[in-house]
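What follows is a set of notes on a single structure, which appears directly below.
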Amino acid sequence: MGENIALVSARAPVGVGWQARVYNLLFPSEYQSVKFVRVANPKLAGFHRLVFLLTLAYVIGYQIIYDKGYQKVDPFAGTPLVKVKGVAKTRRSGKVYDAVDLVKPALEENSVFIQTNFFETPKQKREKCPGLDEKGGIPAYVSEVCDCGDDPVNCSAGHCLENVPTENGMTTGKCVRVKRAKTESKTKFMCEIEAWCPLEDENFENTGRLRDANILDLVANFTVFVRVDGRFPNLAPNTPMSNFGNRELIWNANLFYVSDIVAAAHTGKALVPLKVGNRTSKTQQYPPRLSQQYFLQAAEKGAEIFVDVAWNCNLDISKESCEAQYSFQRVDNGKGFNYRDSIEYTIGNVAMRDTIKRYGIRLVFRVHGIGGKFDMLASTIVLGSGIGLLGISTVLADLLLYWGKRNRIFVTAKYQKVVEADNESGEDSQDDEEISRQYERLN
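full-length UniProt numbering applies: residue 1 is where the sequence shown begins, and numbers increase by one.
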C-alpha cells in the first residue's frame with residue numbers, strides 16, 4: 001500500500017531514554033530500508049486512489065496549465081506617453097479653449113491633468129486689503145476677523161494682532177470695515193493684511209459671480225491617447241512591446257474619451273476595445289459611449305483617477321497576441337482635485353499677477369505586468385514538486401491505518417527490526433512467520 005520501513009541494525013550499545021537517542025544520533029548504527037505492505041481493503045484502496053487523482057489533477061490542471069509553472073517569469077518595465085486633444089468652451093461666456101490651454105502642466109511623469117473648471121482672480125498686486133471671513137479655515141493660522149470686544153456694531157475698540165501670518169497674508173494690526181455680499185444687512189470688521197490683493201474669494205455671494213460660469217462641458221469629448229512602451233528585460237530584452245507601435249488608433253485600446261474614463265472609474269465597468277475592423281466600418285464608427293452624468297458631477301470640483309495598465313503576456317505565443325488591459329478607479333473620494341498657478345506681469349513698474357485655481361481630471365498611470373516564457377529549469381522544478389505531492393495519498397492512507405481498529409496488526413507488519421546476531425540464530429525467520437500470520441488475519 002505504501003512505502004514502509006525496515007530497520008537493519010548492527011549490534012550497538014543498549015541505552016535507555018535520551019542517552020540512547022543521543023548516542024544513536026552521534027554514532028548511527030541503524031539503516032532504514034523500504035518495505036512494502038499490501039493491505040486488501042477496498043475502502044482504503046479507493047481513498048488512496050481518489051486522493052492520488054485529485055493531487056494529479058491539481059498538479060496538471062493548476063500548477064502546469066493554469067499557473068504555467070513551466071515558464072520563467074519577468075516583470076514588465078515600461079512607461080506611458082499621454083496626449084490629449086479636443087476643443088471646449090466655458091458654459092456662460094462661451095470662450096474657446098483647446099487642449100494646449102487646458103492640459104497643465106503640459107508634461108508630467110506618469111500622469112496628466114485635464115482642466116474642467118477654473119476660478120480666476122485677476123490683477124493682483126502687493127498691497128493692503130481686508131482679510132476674509134473664511135469658514136472652516138486652517139486652525140494653525142490666526143483668524144482674519146477683527147476682535148470687536150463688547151462693541152460688535154461699531155467695533156470702536158477693535159483689535160487685531162500685528163505681524164502675524166494668516167491664510168492669505170500678514171496682519172497689520174488694524175481693523176477695517178467691509179461689506180462684501182449684497183445680501184448682507186450689516187457690515188463686518190476684518191483685520192487688514194498685507195497680501196496679493198484683491199484676495200481670492202470663492203464665496204460667490206461676495207463676488208456676485210456665477211458658480212458654474214467657467215465649467216467646460218465639452219471636455220467630456222476630449223480624447224486621451226495612451227501609448228505604453230516597454231519590454232520584459234530578462235526574457236525578451238530585444239523585443240519591445242507597445243500598445244500602438246505600427247498599429248492604428250483603436251478606441252478603448254489606446255484611445256479614450258474623458259467622460260468614458262470618469263464613468264468607468266465610478267461604475268467599475270471595463271472599457272471594451274473596439275477593433276480596427278469595427279472602427280472603420282460604416283455601421284459602427286465609434287464605440288458606444290458610457291453615461292456622461294458622472295463627468296458632469298466631477299467637472300465642477302475635479303477628480304483624481306487611478307489608471308492601472310497591466311501587461312500579462314505569454315511570450316511563448318507571438319507578441320501581437322499580448323494586449324494591455326486597463327482598469328480605472330477614482331481615488332479622491334469625491335473631494336475633487338485642484339491646484340493654483342499664476343501669470344505674472346508688470347504694468348508701470350508694478351508687479352502684478354493673475355491667479356488661476358484650476359479644477360480638473362487628473363489621471364495617474366501605473367504600468368506593470370508579468371511575462372512568462374518556457375524555461376527548462378522552471379519545468380524541472382514544477383515537475384519535481386508535483387511528483388513529490390503525489391506521495392501525499394500514501395501518507396494519508398497510512399495515517400488511516402494507524403488510527404484504525406487494527407492499527408497494531410498494521411504496525412507489526414509495517415515495521416520490522418532485523419539484528420545481525422539474530423539472523424544467525426534463526427530468530428528472524430520466526431518473526432517473519434508471526435508477521436505472515438498477522439497479515440492473514442488482516443486480510
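Glycine included, C-beta positions come from ideal geometry on N, C-alpha and C. Values in this document were obtained by computation on a predicted structure and should not be read as measured data.
Can you check whether the C-beta of residue i is within less than 8 Å of a C-beta belonging to chain D?
{"i": "N254", "result": "No chain D appears in the structure shown, which is made up of a single protein chain."}
At the level of alpha carbons, what is the spacing between residue i and residue j?
{"i": "A99", "j": "V262", "result": "18 Å"}
{"i": "V153", "j": "E200", "result": "26 Å"}
{"i": "F36", "j": "D398", "result": "12 Å"}
{"i": "residue 448", "j": "V226", "result": "Residue coverage of the chain in this structure runs from 1 to 443, which leaves residue 448 outside it and unanswerable."}
{"i": "D212", "j": "Y359", "result": "12 Å"}
{"i": "E424", "j": "S33", "result": "Any reading at E424 must be qualified, since the residue scores a pLDDT of 49, below 50, and its modelled position is unreliable; no value is offered."}
{"i": "F113", "j": "R91", "result": "20 Å"}
{"i": "P28", "j": "G388", "result": "27 Å"}
{"i": "G158", "j": "T166", "result": "18 Å"}
{"i": "G149", "j": "F189", "result": "12 Å"}
{"i": "V219", "j": "L290", "result": "15 Å"}
{"i": "V258", "j": "D217", "result": "11 Å"}
{"i": "A88", "j": "E120", "result": "18 Å"}
{"i": "L54", "j": "D260", "result": "45 Å"}
{"i": "Y58", "j": "A45", "result": "20 Å"}
{"i": "N349", "j": "V178", "result": "29 Å"}
Excluding five sequence neighbours on each side, which residues of the same chain lie with their C-beta closer than 8 Å to the C-beta of residue i?
{"i": "P237", "result": "R231"}
{"i": "D375", "result": "Y70, Q71, K72"}
{"i": "V145", "result": "G131, D133, K188, F189, M190, C191"}
{"i": "P233", "result": "D74, A77"}
Take residue i as the anchor and find which of the options has the nearest alpha-carbon.
{"i": "V309", "options": "F119, D229, I381", "result": "D229"}
{"i": "S379", "options": "I64, L271, L107, E109", "result": "I64"}
{"i": "Y70", "options": "Y326, T116, F410, S385", "result": "S385"}
{"i": "Y294", "options": "V307, A324, Y141, G334", "result": "G334"}
{"i": "I215", "options": "Q115, V350, I60, C175", "result": "Q115"}
{"i": "V224", "options": "V103, L50, R353", "result": "V103"}
{"i": "E344", "options": "F337, R353, N338, G336", "result": "R353"}
{"i": "K301", "options": "D332, P288, S327, P287", "result": "D332"}
{"i": "L81", "options": "D101, A106, S93, G61", "result": "A106"}
Would residue i and residue j be called neighbours here (beta carbons separated by less than 8 Å)?
{"i": "G371", "j": "D67", "result": "no"}
{"i": "I356", "j": "F118", "result": "yes"}
{"i": "P273", "j": "A253", "result": "yes"}
{"i": "I361", "j": "A298", "result": "yes"}
{"i": "A265", "j": "R330", "result": "yes"}
{"i": "K128", "j": "T172", "result": "yes"}
{"i": "K373", "j": "L296", "result": "no"}
{"i": "E304", "j": "F328", "result": "no"}
Suppose the cutoff is 6 Å on Cβ atoms and the five residues either side in sequence are ignored; what does the same chain contact list for residue i look like?
{"i": "C322", "result": "C313"}
{"i": "H48", "result": "S393, A397"}
{"i": "G369", "result": "F76, A310, W311, N312"}
{"i": "L249", "result": "L255"}
{"i": "V364", "result": "S111, F306"}
{"i": "L401", "result": "F410"}
{"i": "T346", "result": "none"}
{"i": "N243", "result": "V228, N254, A324"}
{"i": "E202", "result": "F119"}
{"i": "V164", "result": "V142, T171"}
For residue i, collect the residues of the same chain with a Cβ closer than 7 Å to its Cβ; drop the 5 residues on either side in sequence, then sort them by chain order.
{"i": "F52", "result": "L390, S393"}
{"i": "E162", "result": "T171, T172, G173"}
{"i": "V96", "result": "V87, K89"}
Quiz item: Just checking, does the region 118-127 make contact with the region 191-199 on the three C-beta pairs under 8 Å criterion?
Solution: yes
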